[in-house]
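Letter by letter, the sequence shown follows residues 1 to 234 in UniProt numbering.
The beta-carbon is built from N, C-alpha and C at its ideal position, and this holds for glycine as well.
What you are looking at is a predicted structure, and each value in this text was computed from that prediction instead of being measured.
Below you'll find the structure, written out as structure tokens, and then a few comments.
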Amino acid sequence: MGMYEENEKKVQTILERGVGILARNYGVRKLDAGDFSAPVTLNTQFRIAHYEIENVGHLMTMYTENNPQLLMATYTLTPYYKKLPLISSDFIFNGDGGMFLIEIYELVKNREAAPFQAWIRKYAERFRDLAEIGDIPTEPCFYDPVRPVYVCKKRFPGRDQDAVQNLIDIMKIFIAQEKSEKRLEKADAAEQEAIQRKFVDDLIDQNGVSTRVWVKEHGADYVRRFFHEIFFGV
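And the structure:
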């Protein structure tokens, strides 16, 4: 098996394990992504799926095909019903190089509240043992104040399984937090959704780092529909 095939298998393993840990704890129903199921961007074929996670919210998974220079897996979980962070993760494989990225977003009302921040610290503490792996610098962005946990690490030889386990461990914390939280009242859930929707619009309108490529390729209207309906589900 060549390096590309090995990396391709790793991409599938990441997404299978990410969906699997949710399926072991909640009902998971795959939704129809329609015209957004297989977009082509920068001459790269993307495969996209999204899911309803019962009593939790929305999950989007995405991976690339047929581009030896870019093998990527993306995993984004948007909570609906409880005061929980939005989780987004990317894994990129390029030969024996690449990176992994995990982001925790506080798209909630009263995010400074002590109980919520106690959980945020648990997410952050998970990555203390990765200090020896070099960070990839990124440019400042509008969402930095609501992204308290941001890990962007170079792919480290022999540590691919650690990168996958990072996502699983983060999801274990998320599941524990979800089970500890009360369901939001209808008005509070609507307010949380409004915060999430504004974040999605700002990604497009304020030229978010990873968004600009999609906007340049497909236009803002297409990306707005894709992000609201499929990527984030709000």
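Alpha helix (DSSP H) containing Y105: first to last residue? Here Y105 belongs to no alpha helix (DSSP H); instead the beta strand (DSSP E) covers G97 to Y105.
Taking Cβ to Cβ, would you say E178 is nearer than 7 Å to K82? yes
Should V200 go down as buried or exposed, given a rule of 16 or more other Cβ atoms within 10 Å for buried? buried
Excluding the five sequence neighbours on either side, which residues of its own chain have a C-beta within less than 8 Å of the C-beta of R47, listed in chain order? S37, A38, M62, Y63, T64 and E65
Within a Cβ cutoff of 6 Å, which residues of the same chain sit near A124, ignoring the five residues on either side of it in sequence? So the list reads V149, once near-sequence residues are dropped.
Excluding five sequence neighbours on each side, which residues of the same chain lie with their C-beta closer than 8 Å to the C-beta of K181? Reading off the sequence shown, one finds Glu at residue 181, where the question assumed Lys. For E181, where only same-chain residues beyond five positions count, the Cβ hits under 8 Å are K82, K83 and L84.
Whole-number beta carbon distance between T78 and G233, since they are thought to touch under 8 Å: The Cβ separation is near 5 Å, so the contact holds.
Return the chain-ordered ranges of every alpha helix (DSSP H) run that is complete within the region 150–191 and spans a minimum of 4 residues. 160–180
Going along the chain, which unbroken runs of the beta strand (DSSP E) with 3 or more residues stay wholly within the region 21–90? 28–31, 44–53, 57–65 and 71–79
Rounded to whole angstroms, what is the Cα-Cα separation between K216 and P145? 26 Å
Closer than 7 Å by C-beta to A220: which residues in its own chain qualify, once you throw out the five before and the five after it? Chain order, please. I204
Under 6 Å Cβ to Cβ from I92, same chain only, skipping five residues before and after it: list those, please. M72, G98 and M99
CA nearest to the CA of Y105, picked from I120, A113 and G95: I120
Below 7 Å between beta carbons: does that hold for G2 and L167? no
Is it right to say L42 is buried, meaning 16 or more other beta carbons lie within 10 angstroms of its own, or is it exposed? exposed
Rounded straight-line distance, which links the Cα of D202 to that of Y222: 15 Å
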